[in-house]
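In our numbering, the protein residues as written are 202 to 389. A virtual CB, placed ideally from N, CA and C, is assigned to each residue, including glycine. To start, the structure under review is shown below, and the notes come after it.
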């Protein structure tokens, strides 16, 4: 008898394969009738992530995953507190992008060593409400796998799994246990 986790994983992978086969890179906007006005000034999504060890996580995302570090930023405690993000702590963020160009999604990484932070339950993506995983589309999953193996990163489940054509999906965790999906072609 299969465990609920195995069944959920198989269904999730089947859905990914289905989306990939149907052309998962193009999306139809639902629920809007020819509204030409834009709500957002940019199609870019930035994500802030709080990590335990900023240098360790920065090294992982740069050297193992392959992100590029760009100029970070800081905010003094008074300002950061005034906008409701922290309680009297300075924010120092290192920023990472996936490639060149100005219209890039950014991963804003920060650490608060003096804060008493608790770890979210990352047993599975359904264990905690909120953002659960990061999906990165890579140009060469085989090269990513080599970097991950060299860094002794554990692959989750039975990944990498084929998605159709040369594309495959690999799931790993970062140093803080956050899920990362890597999707891309396997090179021969």
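Neighbourhood of residue 222 by C-beta distance below 6 Å, restricted to the same chain and skipping five residues each side:
The residue labelled residue 222 in the question sits at position 21 within the chain shown. Reliability fails at residue 222, whose pLDDT of 37 lies under 50, so the model's placement of it is uncertain and the value that follows must be treated cautiously. So the qualifying residues of the chain are 365.
What whole-angstrom Cβ distance do residue 309 and residue 248 have, given they're in contact under 8 Å?
Along the chain shown, one-based indexing puts residue 309 at 108. Along the chain shown, one-based indexing puts residue 248 at 47. Yes, they are in contact, since the Cβ atoms of residue 309 and residue 248 sit about 7 Å apart, within 8 Å.
Are residue 336 and residue 329 close, meaning C-beta to C-beta below 7 Å?
If you number the chain shown from 1, residue 336 lands on position 135. If you number the chain shown from 1, residue 329 lands on position 128. Going by C-beta atoms, residue 336 is not nearer than 7 Å to residue 329.
Over the uninterrupted beta strand (DSSP E) stretch that includes residue 297, give me the two end residues.
For the purposes of this step, residue 297 is taken as the residue at position 96 of the chain shown. 292-298 is the span of the beta strand (DSSP E), which, as asked, contains residue 297.
Tell me the rounded alpha-carbon separation between residue 386 and residue 349.
For the purposes of this step, residue 386 is identified with residue 185 of the chain shown, where counting begins at 1. For the purposes of this step, residue 349 is identified with residue 148 of the chain shown, where counting begins at 1. Residue 386 and residue 349: Cα-Cα distance of roughly 16 Å.
Quick one: what's got a C-beta closer than 7 Å to residue 316's C-beta in the same chain, skipping five residues either side?
Position 115 of the chain shown, counted from the first residue, corresponds to residue 316. Excluding positions up to five away in sequence, the list reads 290.
So residue 273 and residue 301 are supposed to be a Cβ contact under 8 Å. How far apart are they, rounded?
Within the chain shown, numbered from 1, the residue matching residue 273 stands at position 72. Within the chain shown, numbered from 1, the residue matching residue 301 stands at position 100. The Cβ separation is near 18 Å, so there is no contact.
Close beta carbons around residue 377, own chain, < 6 Å, minus the five adjacent residues each side:
Within the chain shown, the letter at position 176 stands for residue 377. If we look at residue 377 and ignore the five residues flanking it on each side, its Cβ neighbours are 252 and 253.
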